[in-house]
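Take a look at the structure below.
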Amino acid sequence: MKHEKIRSITMVRHGETEWSKSGQHTSSTDIDLTEEGREQAKALWTHFAEGEHHFDGIYTSPLRRARHTAVLAGFAPEAHEALYEWRYGRYEGKTTPEIHQENPDWTIFRCGAPEGENGEQVQERCRQLLQDWEDAGHEHVLCFAHGHILRALACCWLGLGLEFGDHLHLDAASISRLGWEHTSPAIVLWNQRLA
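For the sequence shown, the UniProt record's numbering begins at 1 and goes up steadily by one.
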């Protein structure tokens, strides 16, 4: 379903944490930004303060690392549960190489997470999020969240299966934007790094 009232979604992945630095998958573990992560968030503040940006909906994951990134970037966002990171279940805190010892073909987008969320559950969250923003009448949304849920949101916006998420890379504190190419949902900007 196209959400044609929404003209753009600017997505910001949270700044660096100890676990994002080490490659550990982090969903429910509510850790904070590193000093480098705080510096990355402050660079976002400079970016948004200097540019001409208008957002009529500003949201964050409820988790501290995303909220703090948003606040340090100069915003007072509303928390939305659907922006919570993909729940990794038994893989929480593990790195991809550690998971590959158990399942060599694993990716979150194709396999989901045992005792966590599967792809269908995450897709439903993303669809509900887009519907909530559409129902609120938002045209230009800014959201602060996490690497896997933002990649899943991009897949949902584009009308693609989650497997496409394997081909999208997001760095800490990067900016991406979803929008339109004429009448087709499109990626307008992807993984812009400021610091």
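Just so it is clear, CB atoms sit at the ideal spot from N, CA and C, and this is done for glycine as well.
Do you know whose CA, among the options, lies nearest residue i's CA?
i, options, result
"Arg127", "Cys143, Phe109, Leu153, Ile108", "Leu153"
"Asn191", "Lys5, Ala76, Gln123, Gly15", "Gly15"
"residue 201", "Ala66, Ala49, Trp157", "Beyond the ends of the chain as shown, which are 1 and 195, falls residue 201; an answer cannot be given."
"Gly161", "Glu36, Glu124, Leu194, Arg177", "Glu124"
"Leu83", "Arg151, Ile6, Glu52, Ala43", "Arg151"
"Glu50", "Ile31, Thr183, Gly74", "Gly74"
"His167", "Phe109, Thr46, Trp86", "Phe109"
"Thr34", "Lys21, Thr46, Trp45", "Lys21"
"Glu36", "Phe48, His47, Thr17", "Thr17"
"Phe164", "Thr46, Phe48, Thr107", "Thr107"
Return the first residue and the last residue of the beta strand (DSSP E) that residue i is part of.
i, result
"Gly57", "57-60"
"Pro97", "Here Pro97 belongs to no beta strand (DSSP E); instead the alpha helix (DSSP H) covers 96-102."
"His148", "Note, His148: premise wrong, no beta strand (DSSP E); alpha helix (DSSP H) at 147-158."
"Glu184", "In the sequence as presented, Glu is not what sits at residue 184; that position holds Ser. Residues 184-192."
Is the distance from the Cβ of residue i to the Cβ of residue j below 9 Å?
i, j, result
"Trp133", "Val141", "yes"
"Ala172", "Gln40", "yes"
"Thr10", "Ile149", "no"
"Ser8", "Leu178", "yes"
"Leu72", "Arg38", "yes"
"His68", "Asp32", "yes"
For residue i, which of helix, strand or coil comes out of DSSP?
i, result
"Ile9", "strand"
"Phe109", "helix"
"Phe75", "coil"
"Ser176", "strand"
"Thr17", "strand"
"Leu142", "strand"
"Leu33", "strand"
"Glu39", "helix"
"Glu181", "strand"
Taking 6 Å as the limit between beta carbons, can you name the residues of its chain near residue i, skipping five residues before and five after?
i, result
"Ala70", "Thr60, Pro77, Phe144"
"Gly23", "Thr95"
"residue 206", "Examination of residue 206 is not possible in this model, given that the chain is present from 1 through 195 alone."
"Tyr88", "His25, Ser27, Ala113, Gly116"
"His3", "Leu130, Glu134"
Taking 7 Å as the limit between beta carbons, can you name the residues of its chain near residue i, skipping five residues before and five after?
i, result
"Asp56", "His138, Glu139, His140"
"Gly147", "Arg13, Leu170"
If you drop the 5 nearest sequence neighbours on each side, which residues of the same chain put their C-beta closer than 8 Å to that of residue i?
i, result
"Gly93", "Trp19, Gln24, His25, Thr26, Thr29"
"His54", "His140"
Hey, quick one: how far does the alpha helix (DSSP H) through residue i stretch, first residue to last?
i, result
"Trp133", "119-135"
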